[in-house]
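Undergrad: I have a structure here, written as structure tokens, and I will follow up with some questions on it.
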Amino acid sequence: MIIDISEWQRPDQINMAQLAPQVTGVIIRVQYGLTKEDDFFKEHLHAFQKYQIPCAVYAWVRGGSEEQMAAEARAFYERAHAFDPVFWWLDVEEHSMPDMRRGCEVYRQTLKQLGAKKVGAYIANHLYSQFNLDTTKFDAIWMPTYGRNTGIFEGSLPTATTRYDLHQYTSTGHLAGYDGALDLNRLTNGTFEQLFGPTPIVSNTVSTQEKNEKEGIQMRTFRLQAPIYLRTKPTVTSKEITLLPKDALVRIQNIYEQEGYLWGEQPRADGSKGYLALGTFKSYGQFL
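For the sequence shown, our numbering gives the first residue as 1336, with consecutive numbering after it.
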């Protein structure tokens, strides 16, 4: 699950203990043009990085000249580089100068010269042809199309191009921990690691780990060799909490048999427990 957020998602309205376990990667807006800094981008970055969620950043592009494009890039880098984001995105939705192709290339080059390792472009589907960006210069392309915009992916794809790596498929998504609408995205090309780095570690929080250690509860770390659903109860028909990706590390407190499966019990930050149907150890992973 990849989400993108901005100041419209206020930190005081987000329950991170509930939201974070569902999120694999997040893209956080830093600025709107040169002078408008997002009100909460620092709080968002601190919060998601605390939960070991890989964080990328994006900036809405508004430069009216090559000089302004370079200035926006410098402001973007200055505001966000201390957080060491895994990817930098140009949000290109506004025809702010006659030659957007040249302007966005100046923006991209400036970020690279400053030290940004990976730079991509989010391009409005209906303006893709007008902008005529040199997409071959970017490390990845991100495209939006929503279809009926129901909050789930229903097969509506970008029409302007077939060459894109990330698809924003709704602006009305919902996840536990936040009552408002969220932008949800899916990978369409390549791997998660190419855009966000190593798969994040899925584990209980430090406070829960310390509590277990003090009470003498033995915890084991397990590496998943296939995607597995984390569920609310040790039954295959129980509610799904999230889909844990391949190679994720999970901390398991107990393992026992039920319904023909070996279930791993995972203590969670909110005091509840999640359950993974592991099958046989040989099939799904090995203890570390």
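For every residue, glycine included, the Cβ atom is placed at its ideal position computed from N, Cα and C. Since we're looking at a predicted model, the values are computed, not measured.
With a threshold of 8 angstroms, are at least 3 pairs of Cβ atoms found where one atom belongs to the segment 1382-1396 and the other to the segment 1524-1533?
TA: Flag = yes, the segment 1382-1396 and the segment 1524-1533 touch.
Undergrad: Indicate the three-state DSSP secondary structure (helix, strand or coil) for GLY1490 in the structure shown.
TA: For GLY1490, the secondary structure class from DSSP, reduced to helix, strand or coil, is coil.
Undergrad: Nearest CA to the CA of PRO1346: which residue from ILE1362, PHE1376, THR1370?
TA: PHE1376
Undergrad: Would DSSP call ALA1355 helix, strand or coil?
TA: helix
Undergrad: How should GLU1592 be labelled, buried or exposed, when 16 other C-beta atoms within 10 angstroms of its C-beta is the threshold for buried?
TA: exposed
Undergrad: Three or more C-beta pairs closer than 8 angstroms, one from the segment 1441-1453 and one from the segment 1555-1569: is that the case here?
TA: no
Undergrad: Can you check which of these residues, TYR1412, GLN1403, ARG1443, is closest to SER1431 by C-alpha distance?
TA: GLN1403
Undergrad: Between the segment 1350-1366 and the segment 1511-1521, do three or more beta carbon pairs fall short of 8 angstroms?
TA: yes
Undergrad: May I have a chain-ordered list of the beta strand (DSSP E) segments no shorter than 3 residues that lie completely inside the segment 1358-1406?
TA: Counting only runs of 3 or more, we get 1360-1367, 1390-1395.
Undergrad: Could you tell me which whole beta strand (DSSP E) segments of length 3 or greater appear in the segment 1446-1519?
TA: 1454-1458, 1475-1479, 1501-1510
Undergrad: I believe VAL1585 touches LEU1578 by the beta-carbon criterion, under 8 angstroms. Please report the beta-carbon distance rounded to the nearest angstrom.
TA: Actually they do not touch by this definition, with Cβ atoms about 12 angstroms apart.
Undergrad: Using CA atoms only, rank isn't needed, just tell me which of THR1505, THR1471, GLU1407 is closest to GLY1482.
TA: THR1505
Undergrad: Give me the DSSP bridge partner(s) of GLY1532.
TA: Answer is none; GLY1532 lacks a bridge partner.
Undergrad: Quick check: the Cα distance between TRP1589 and PHE1473, rounded to an integer number of angstroms?
TA: Checking the displayed sequence, the identity of residue 1589 turns out to be Asn instead of Trp. Computed Cα separation, rounded: 46 angstroms.
Undergrad: Assign GLY1525 to one of three DSSP states: helix, strand, or coil.
TA: Shown here, GLY1525 sits in coil according to DSSP, grouped into three states, outside any helix or strand.
Undergrad: With a Cβ-Cβ cutoff of 8 angstroms, do VAL1365 and ALA1415 count as a contact?
TA: yes
Undergrad: Measure the alpha-carbon distance for TRP1477 versus TRP1424 and round it to whole angstroms.
TA: In this structure, the CA atom of TRP1477 is about 9 angstroms from the CA atom of TRP1424.
Undergrad: What residue range is occupied by the uninterrupted beta strand (DSSP E) comprising GLN1608?
TA: It should be pointed out that residue 1608 corresponds to Lys in this sequence rather than to Gln. 1608-1612 is the span of the beta strand (DSSP E), which, as asked, contains LYS1608.
Undergrad: By how many angstroms is the C-alpha of ASN1350 removed from the C-alpha of GLU1440?
TA: 38 angstroms
Undergrad: Taking only heavy atoms of the ligand ATP into account, decide whether any of them is closer than 7 angstroms to the Cβ of GLY1398.
TA: The ligand ATP is not part of this structure, which contains no ligands at all.
Undergrad: Take TRP1598 and list the residues in its own chain whose beta-carbon comes closer than 8 angstroms to its own, dropping the five residues that flank it on each side.
TA: PRO1569, ILE1590, TYR1591, GLU1592, TYR1610, LEU1611, ALA1612, LEU1613
Undergrad: Starting from ASN1350, trace the beta strand (DSSP E) both ways and give me its first and last residue.
TA: Per DSSP, ASN1350 belongs to no beta strand (DSSP E) and is neither H nor E.
Undergrad: Per DSSP, what are the beta-bridge partners of GLY1599 in this structure?
TA: ILE1590, LEU1611
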